[in-house]
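Below is one structure, written out as structure tokens; the observations come after it.
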Amino acid sequence: MKIAVLKETAPGETRCAAIPETVKKFIALGADVAVETGAGTAAGITDADFEAAGAITGDRSAVLGDAGIILCINGPDAADLAGAPAGALLVGALDPLRRRDAVDAYARAGLQALAMEWMPRITRAQSMDILSSQSNLAGYKAVVDAAGAFGRAFPMMMTAAGTVSPARVFVMGVGVAGLQAIATAKRMGAQVSATDVRSATKEQIQSLGAKPIFVENVAGIEGEGQGGYATEMSDEYRAAQAELVSAHIAKQDIVVTTALIPGRPAPRLISDAQVASMRPGSVIVDLAAEAGGNVEGTKAGESVRQHGVTIIGATNLARSLSADSSALFSRNLYNFLSAFWDKDKNAPELADDDEIVVGTRLTKDGKVVSERLAEA
């Protein structure tokens, strides 16, 4: 079985779908690995590093020829996969809802496309979950970027010239990214609070030493919500949360928003009036910018000034930590494929009734087979 690793062509993409460590592991399974020339350059990995791990390197056509598995970060256009054999597995973040035309093209090309961002949130799949691994880094980087844009120090400092008060950081949305943002802000010495619509996150917030800010008189979501994600809330809850947030946000120096609902626009958490209530010099980092933003006025990929408040429309912050994000992403891919590896066939055996396969598989035998895409 030949595994092809592609060089990413998306603007601003710095990650690579393999690192020397995973190349060695795939070879130990019995696979051959071919890496497109320059695939790891932006992540600090040279062609010589891949070759030392046992891979061969070459141009895209040479890498794709006879490949049974194609690894990528972002789903390429079908035209960029010319020469890939029918039946090959295409494994990566394929963005199926926003790139349905590409999914249809994969089917016509006979590729079996597997969308890693649709990995089920189950215990068995935790080590394969690219959203969790990349969100961890994004939550960390959001706080680091906020600190860089903030005009004051994060921790309390007592000096002969007087005391510097700690920065007040508020995290909205306590998923993987939110929890890492809380932990990072606490390590940097900030005074941290956080909120979420899921009641189960209150203990998680407290376990990190932060203060939970929750609506108490209107029911939110008990437990974790479907798949660990939040769902849309009632109008009554939204109104109560807006009132609570308005009172709290005016006192904050840094706000990090992370709320996403799969397949839908990001919920609006902060209005223009709430931005205006914050002190000039405050910073908001909106991690949902690519899905429309949690903050009124967010512009994806830009940093804007609104009422004296800096709003950072963060887009794929994991890219800015290319070495670590490549390592985690590539390990997710290895963990996924190795879990299904059949040593006798020297290839993954993807059972049609396996929950992980059903969740991630988009195309097979020339057809789009994803029920989730059909529903969309």
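One gets the working numbering by counting positions in the sequence shown from 1 and adding 79 to each.
Positions of the beta carbon are idealized from the N, C-alpha and C atoms, including for glycine.
What you are looking at is a predicted structure, and each value in this text was computed from that prediction instead of being measured.
Boundaries of the beta strand (DSSP E) in which residue i is found, first to last residue
i: Gly392; result: Val388 to Gly392
i: Ile149; result: Ile148 to Asn153
i: Leu416; result: Counting along the chain, Leu416 falls outside any beta strand (DSSP E), though it belongs to the alpha helix (DSSP H) covering Ser401 to Ala418.
i: Asp183; result: Looking at the DSSP string, Asp183 is not in any beta strand (DSSP E); the run it does join, the alpha helix (DSSP H), is Arg179 to Arg187.
i: Gln213; result: First-last for Gln213: Ile209 to Ala228, but that is the alpha helix (DSSP H), not the beta strand (DSSP E).
i: Ala247; result: First, the amino acid is wrong: residue 247 is Arg here, not Ala. Its beta strand (DSSP E) spans residues Arg247 to Met251.
i: Lys424; result: Element bounds for Lys424: n/a, residue is neither H nor E.
i: Ile333; result: Ile333 to Thr336
6 Å Cβ shell around residue i - same chain, five flanking residues per side excluded
i: Asn414; result: Ser206 and Met207
i: Ser214; result: Val255 and Ala256
i: Ile328; result: Gln353
i: Lys86; result: Glu115, Gly117 and Ala118
i: Asp444; result: none
i: Gly387; result: Pro359
Heavy atom of the ligand FAD within 6 Å of residue i beta-carbon
i: Lys86; result: The ligand FAD is not part of the structure shown, which contains no ligands of any sort.
Close-in-space but distant-in-sequence residues of the same chain around residue i (CB under 8 Å, 5 per side omitted)
i: Glu196; result: Ala172, Leu173, Asp174, Ile209 and Leu210
i: Ala110; result: Met80, Lys81, Ile82, Ile148 and Asn425
i: Ala453; result: Val447
i: Val294; result: Tyr316, Ala319, Gln320 and Leu323
Where the alpha helix (DSSP H) containing residue i begins and where it ends
i: Val142; result: Arg139 to Leu143
i: Thr263; result: Val255 to Arg266
i: Leu108; result: Pro99 to Leu108
i: Asp314; result: Asp314 to Ile328
7 Å Cβ shell around residue i - same chain, five flanking residues per side excluded
i: Leu339; result: Ala345, Ala367 and Ala370
i: Val437; result: none
i: Phe419; result: Pro427, Glu428 and Leu429
i: Pro90; result: none
i: Val102; result: Val112, Phe129, Ala132, Gly133 and Ala134
i: Ala455; result: Leu176 and Gly342
i: Leu400; result: Leu216 and Lys220
For residue i, the nearest candidate out of the options (CA to CA)
i: Val250; options: Ser244, Phe233, Gly241 and Ala221; result: Ala221
i: Asp314; options: Lys290, Ala455 and Arg347; result: Arg347
i: Ala225; options: Ala194, Ala264, Leu258 and Arg203; result: Ala264
i: Ala165; options: Arg451, Ser449, Thr442 and Val448; result: Thr442
i: Asp421; options: Arg398, Phe105, Lys378 and Thr120; result: Phe105
i: Leu193; options: Thr125, Asp423, Leu412 and Asp432; result: Leu412
i: Leu107; options: Pro341, Gly189 and Ser417; result: Strictly speaking, residue 107 in this sequence is Ala, with Leu absent from that position. Among Pro341, Gly189 and Ser417, the Cα nearest to that of Ala107 is on Ser417.
i: Thr460; options: Thr136, Ile292 and Val334; result: Within the shown structure, residues of the chain are numbered from 80 to 455, placing residue 460 beyond reach of any answer.
i: Ala262; options: Ser244, Ile292 and Val223; result: Val223
i: Val253; options: Met237, Met235, Lys281 and Leu407; result: Lys281
Proximity of residue i and residue j at Cβ, strictly below 7 Å
i: Phe129; j: Val114; result: yes
i: Val354; j: Asp365; result: no
i: Ala269; j: Ala246; result: yes
i: Leu72; j: Gln191; result: What the structure shows of the chain is the stretch from 80 to 455, and residue 72 is not part of that stretch, so it cannot be assessed.
i: Ala289; j: Ser272; result: yes
i: Ser140; j: Gly117; result: no
i: Ala393; j: Ser404; result: no
i: Ile152; j: Ala240; result: no
Kindly provide the ranges of any alpha helix (DSSP H) runs that are 4 or more residues long and lie completely inside the region 348 to 391, ordered along the chain. Whole alpha helix (DSSP H) segments, 4+ residues: 351 to 356.
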